[in-house]
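One structure is given below, encoded as structure tokens.
2 protein chains.
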Amino acid sequence: MSNSKNIEDFAEIFKALSNANRLTIFLRLASCCRPGTVSLFDEENSAYVGELGEELGVVKSTVSHHIKELRRVGLIRTERRGQKIACWVDPDILAALKEFLSF
Amino acid sequence: MSNSKNIEDFAEIFKALSNANRLTIFLRLASCCRPGTVSLFDEENSAYVGELGEELGVVKSTVSHHIKELRRVGLIRTERRGQKIACWVDPDILAALKEFLSF
DNA sequence: TTTACTATTCGACATATATCGAATTATATG
DNA sequence: CATATAATTCGATATATGTCGAATAGTAAA
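If you read the protein sequences in the order shown, they are chains A and B.
One point on numbering: in my numbering, the residue at position 40 of the first sequence is 40, and numbering is uninterrupted.
One point on numbering: in my numbering, the residue at position 102 of the second sequence is 102, and numbering is uninterrupted.
Set out below in structure tokens:
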């Protein structure tokens with residue numbers, strides 16, 4: 001099935017989490033978008049690219065690059081909503097990750 | 001307490017698992033040395049540096065480098081037993097890792 | 001259609017990393 | 001002590017990565 005992952009897939013996932021800024025972004029996204037739920041980046045729950053960058057002290061292009069990487073390995077999913085980007089943590093991959101570490 | 005970890009610590013841990021060869025080494029070690037139990041690298045359960053290298057197709061020095069990295073971030077612990085190296089997965093850090101991904 | 005705001009892409013660069021082979025160190029045994 | 005075996009360290013190198021700033025693209029609203 002298309003969901004099965006091998007060693008290299010997991011290595012890529014870990015790599016996506018191996019940078020402190022990227023890991024912070026991931027946790028921030030996870031905190032505002034519970035796995036399985038799609039949260040908009042609205043006023044109360046703002047976490048769009050620009051703001052994430054300000055918090056971290058990196059420019060927008062870098063944040064965009066990191067988000068792209070998180071999405072590439074499947075950790076998060078994103079969708080444009082107007083000018084901003086909605087995102088959520090993929091619940092399946094989180095489960096797969098925990099399963100992977102269960103030995 | 002000395003066990004508490006911050007974002008950067010976890011990023012380092014993920015980085016240690018982000019290389020396919022290193023991840024393979026870690027899983028191989030985990031499979032022969034259950035967390036919390038210290039297993040020697042004896043004949044039946046051989047996983048010392050040289051053999052790990054042969055399996056992966058990398059030279060000893062590279063394996064040694066990877067093991068050093070896994071140890072540095074605390075994922076595994078090692079101890080010399082004669083000419084060979086005993087190792088085991090640190091159960092605490094595994095638990096911390098799973099806890100970290102529980103949100 | 002302008003203008004404003006947001007996100008992405010692109011090119012550049014400095015730094016980090018994976019890997020190898022040679023040299024060295026550690027341990028055991030003849 | 002000399003030899004053999006195992007692991008580490010060291011120096012070199014090619015590749016990957018994180019970051020920035022400028023340019024571009026997408027969306028909304030005046």
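In this text, a Cβ means the ideal position worked out from N, Cα and C, and glycines have one as well.
A quick note: this is a predicted structure, and the numbers were derived from the prediction, not measured.
Check whether chain B comes within 7 Å of residue i, counting only Cβ atoms and requiring the distance to be less than that.
i	result
lysine 15 of chain A	yes
alanine 95 of chain A	no
isoleucine 7 of chain A	yes
phenylalanine 103 of chain A	yes
serine 18 of chain A	yes
lysine 60 of chain A	no
lysine 68 of chain A	no
Does the beta carbon of residue i sit closer than 7 Å to a beta carbon anywhere in chain A?
i	result
leucine 23 of chain B	yes
lysine 84 of chain B	no
How would you write the range of the alpha helix (DSSP H) that residue i sits in, first residue to last?
i	result
lysine 84 of chain A	Unbroken run through lysine 84 of chain A is the beta strand (DSSP E), 84 to 89; no alpha helix (DSSP H).
valine 59 of chain B	No alpha helix (DSSP H) holds valine 59 of chain B; DSSP gives it neither H nor E.
phenylalanine 14 of chain A	7 to 16
Please name the residue in the options whose C-alpha comes closest to that of residue i.
i	options	result
threonine 24 of chain A	A/Ile67, A/Thr78, A/Leu97	A/Ile67
isoleucine 7 of chain B	A/Ser4, A/Phe26, A/Asp9, A/Asn6	A/Phe26
leucine 75 of chain A	A/Val63, A/Gln83, A/Pro91	A/Pro91
arginine 81 of chain A	A/Thr62, A/Leu97, A/Tyr48	A/Tyr48
lysine 5 of chain B	B/Ile85, B/Ala30, B/Ile93	B/Ile93
Using a Cβ distance threshold of 8 Å, determine whether the segment 6 to 20 of chain B contacts the segment 13 to 22 of chain A, with at least three qualifying pairs required.
Yes: the two stretches touch, three or more of their Cβ pairs being nearer than 8 Å.
Between the segment 59 to 71 of chain A and the segment 50 to 65 of chain B, can you find at least three pairs of beta-carbon atoms closer than 8 Å?
Counting Cβ pairs under 8 Å, fewer than three are found: no touch.
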